Amino acid sequence: MINMAHQEDAKERFYRNFRMQQANIQEQITHLPSIAPVAGERQDATEVILTNISRLTNDVRDATHFLPAYDHRVYTDAVNTLRKELDETTAKLAPKSRFQFRPRPPAAVDGDDAPKSDSRRLVNNRDGTKGEKTNGQPPISPPLSPGGGGSRGRSRSPRAIKVEGERDAVITLPADHSRTSSAGQLIDLSSCVVNLCSPTVEACRAAPFASLMLKGVEKSVIVAGHVDGPVHVTGLKKCVVVVTARQVRIHDCEEVDFYLWVRSEPIIEGCKGVRFAPLPEGMETGAEGENKWKEVKDFLWLKEGQSPNWGVLGEGERVKGEVWREVMGDEGGDVKGVLGRFGIA
Numbered sequence: 001m002i003n004m005a006h007q008e009d010a011k012e013r014f015y016r017n018f019r020m021q022q023a024n025i026q027e028q029i030t031h032l033p034s035i036a037p038v039a040g041e042r043q044d045a046t047e048v049i050l051t052n053i054s055r056l057t058n059d060v061r062d063a064t065h066f067l068p069a070y071d072h073r074v075y076t077d078a079v080n081t082l083r084k085e086l087d088e089t090t091a092k093l094a095p096k097s098r099f100q101f102r103p104r105p106p107a108a109v110d111g112d113d114a115p116k117s118d119s120r121r122l123v124n125n126r127d128g129t130k131g132e133k134t135n136g137q138p139p140i141s142p143p144l145s146p147g148g149g150g151s152r153g154r155s156r157s158p159r160a161i162k163v164e165g166e167r168d169a170v171i172t173l174p175a176d177h178s179r180t181s182s183a184g185q186l187i188d189l190s191s192c193v194v195n196l197c198s199p200t201v202e203a204c205r206a207a208p209f210a211s212l213m214l215k216g217v218e219k220s221v222i223v224a225g226h227v228d229g230p231v232h233v234t235g236l237k238k239c240v241v242v243v244t245a246r247q248v249r250i251h252d253c254e255e256v257d258f259y260l261w262v263r264s265e266p267i268i269e270g271c272k273g274v275r276f277a278p279l280p281e282g283m284e285t286g287a288e289g290e291n292k293w294k295e296v297k298d299f300l301w302l303k304e305g306q307s308p309n310w311g312v313l314g315e316g317e318r319v320k321g322e323v324w325r326e327v328m329g330d331e332g333g334d335v336k337g338v339l340g341r342f343g344i345a
């Protein structure tokens, strides 16, 4: 009995230590795109992550004598997922060849065919600021302001886009902002409607985020658009999230509905009452390959059979197209009214 109790204690200690190291590595990978490649800074950060993954691999191997075979396989899969996630992130950040065939410059255009940066595509918002025209209507709120000015808690730069500490707000991202090298971060939001998606499928595919982190958000709707790399979701409660991504990792979330297109299996840990559905009609980003939105892996459900912590959102329970059009900016900026359409009070 003493020996069995000792093994249980060892398993519990190993689990806590593994979770801590895993969360640390995931955060390092998420922040990697925001580190400048100059002076070898990003390479140094990548080497640190590789060292941490190697150390975690050794820890799992050394735990073979007290971990059951199934638990050991789950931990091994988790480490392999971290390694794959790092590989995909670094591949996206690798410099492209400078020798490329260049397309001809586009011919002059008029009206709605003008480039997004053309002043002819800008209209006045209700508050007098400039915003991009969307089907003849202004955006439902002022867009994110450049770093150093504008709304509280909102900033953007060539390497990072961050929104933090907002309450009862409608937040949009200008479609002309280049996001291919950006790490998006939404932190500590409450009762917000966030639209980071470009107005067309073509624009969304042409300007994806490199990675995205959602942390500490409650009672909000987030339309995140296209993310080329991983999405890390931590500590969300009573939210609705829409995103296209290569990977989605979900931690410590409760009562969250995810509408996904994802290339690899979504992974959840420490979650309760999370539900999954494919992307809403009309919001597909044209991503190629199989959508594995319902092949969810619960890393903390070590038993055989279906985990009780997640389920599939039934077709009759999914949000209708007209509601999504309202979120995308067709019907003004009543935050509480929009959230109410999603059952969020």
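If you count the sequence shown from 1, position 235 lands on 235 in the UniProt record's numbering, and the numbers rise without skipping. Where a beta carbon is used, it is the ideal one built from N, C-alpha and C, also for glycine. Keep in mind the model is a prediction, meaning the values are calculated, not measured.
For the alpha helix (DSSP H) containing residue i, name the first residue and the last one.
{"i": "alanine 301", "result": "One point to set straight first is that residue 301 is tryptophan, not alanine, in the sequence displayed. Careful: tryptophan 301 lies outside any alpha helix (DSSP H) and carries neither H nor E."}
{"i": "valine 327", "result": "Segment: none, valine 327 is in no alpha helix (DSSP H) and carries neither H nor E."}
{"i": "alanine 91", "result": "69-93"}
{"i": "isoleucine 344", "result": "Run containing isoleucine 344: none; DSSP gives neither H nor E here."}
{"i": "glutamine 185", "result": "Here glutamine 185 belongs to no alpha helix (DSSP H); instead the beta strand (DSSP E) covers 183-187."}
{"i": "glutamate 47", "result": "41-62"}
Taking 7 Å as the cut-off, decide whether the C-beta atoms of residue i and residue j are in contact.
{"i": "valine 274", "j": "tryptophan 310", "result": "yes"}
{"i": "aspartate 71", "j": "leucine 302", "result": "yes"}
{"i": "histidine 268", "j": "valine 241", "result": "In the sequence under discussion, the amino acid at residue 268 is isoleucine, which differs from the histidine named in the question. No, they are not a contact pair."}
{"i": "valine 338", "j": "glutamate 326", "result": "yes"}
{"i": "threonine 234", "j": "lysine 215", "result": "yes"}
{"i": "leucine 236", "j": "valine 217", "result": "yes"}
{"i": "tryptophan 261", "j": "alanine 224", "result": "no"}
{"i": "glycine 321", "j": "glutamate 281", "result": "yes"}
{"i": "glutamate 254", "j": "lysine 272", "result": "yes"}
{"i": "histidine 226", "j": "methionine 213", "result": "no"}
{"i": "lysine 11", "j": "aspartate 228", "result": "no"}
So what does residue i bridge to, in DSSP terms?
{"i": "aspartate 257", "result": "Val240, Arg275"}
{"i": "arginine 249", "result": "His232, Ile267"}
{"i": "serine 190", "result": "Arg167, Glu218"}
{"i": "valine 227", "result": "Phe209"}
{"i": "valine 262", "result": "Ala245"}
{"i": "asparagine 195", "result": "Thr172, Val223"}
{"i": "lysine 297", "result": "Ile267"}
Nearest CA to the CA of residue i: which residue from the options?
{"i": "arginine 13", "options": "Leu67, Ala224, Gly225", "result": "Leu67"}
{"i": "proline 230", "options": "Glu88, Phe276, Thr57, Asp77", "result": "Glu88"}
{"i": "serine 211", "options": "Leu196, Gly235, Val193, Gln185", "result": "Gln185"}
{"i": "alanine 94", "options": "His65, Tyr259, Gly40", "result": "Gly40"}
{"i": "arginine 90", "options": "Ile35, Ser54, Glu295, Lys294", "result": "Looking at the sequence itself, residue 90 is threonine, so the reference to arginine does not match. Measuring from the Cα of threonine 90, the nearest candidate turns out to be Ile35."}
{"i": "glutamate 290", "options": "Arg42, Ser264, Gln28, Met213", "result": "Ser264"}
{"i": "arginine 19", "options": "Lys215, Leu214, Phe299", "result": "Phe299"}
{"i": "valine 193", "options": "Thr172, Thr234, Glu288, Ser307", "result": "Thr172"}
{"i": "glutamine 28", "options": "Pro37, Thr46, Val248", "result": "Thr46"}
{"i": "aspartate 188", "options": "Leu196, Asn195, Asp168", "result": "Asp168"}
{"i": "arginine 55", "options": "Ile25, Val74, Arg42", "result": "Ile25"}
{"i": "glutamine 22", "options": "Gln43, Lys11, Arg42, Ile53", "result": "Ile53"}
{"i": "arginine 83", "options": "Thr57, Asp228, Phe209, Met213", "result": "Thr57"}
{"i": "valine 170", "options": "Ser182, Asn195, Glu164, Ala183", "result": "Asn195"}
{"i": "tyrosine 15", "options": "Ala69, Ile344, Glu284, Tyr75", "result": "Tyr75"}
{"i": "arginine 341", "options": "Lys297, Val243, Met283, Cys239", "result": "Cys239"}
{"i": "proline 33", "options": "Asp59, Pro266, Leu86, Lys11", "result": "Leu86"}
{"i": "methionine 283", "options": "Lys292, Trp293, Met328, Asn17", "result": "Met328"}
{"i": "glutamate 266", "options": "Lys297, Tyr259, Val243, Ile49", "result": "Residue 266 is actually proline in this sequence, not glutamate. Answer by Cα proximity: Lys297."}
Around the C-beta of residue i, are 16 or more other C-beta atoms found within 10 angstroms, so that it is buried, or is it exposed?
{"i": "valine 312", "result": "exposed"}
{"i": "glutamate 166", "result": "buried"}
{"i": "aspartate 118", "result": "Reliability fails at aspartate 118, whose pLDDT of 39 lies under 50, so the model's placement of it is uncertain and no value is given."}
{"i": "aspartate 110", "result": "Annotation note: pLDDT 48 at aspartate 110 (below 50); position unreliable, no value reported."}
{"i": "alanine 245", "result": "buried"}
{"i": "glycine 305", "result": "exposed"}
{"i": "aspartate 9", "result": "exposed"}
{"i": "serine 191", "result": "buried"}
{"i": "glutamate 317", "result": "exposed"}
{"i": "valine 38", "result": "exposed"}
{"i": "histidine 251", "result": "buried"}
{"i": "threonine 30", "result": "buried"}
{"i": "lysine 130", "result": "Note that lysine 130 scores a pLDDT of 39, beneath 50, so its modelled location is shaky; the value from the coordinates is reported in the next line. By the 10 Å Cβ count, lysine 130 comes out exposed."}
{"i": "valine 79", "result": "buried"}
{"i": "proline 308", "result": "exposed"}
{"i": "alanine 277", "result": "buried"}
{"i": "valine 256", "result": "buried"}
{"i": "threonine 81", "result": "buried"}
Checking contacts by CB at 7 Å: is residue i closer than that to chain C?
{"i": "isoleucine 53", "result": "The structure shown contains no chain C, having only a single protein chain."}
Which residue marks the beginning of the beta strand (DSSP E) containing residue i, and which one marks its end?
{"i": "leucine 214", "result": "211-215"}
{"i": "glycine 314", "result": "Careful: glycine 314 lies outside any beta strand (DSSP E) and carries neither H nor E."}
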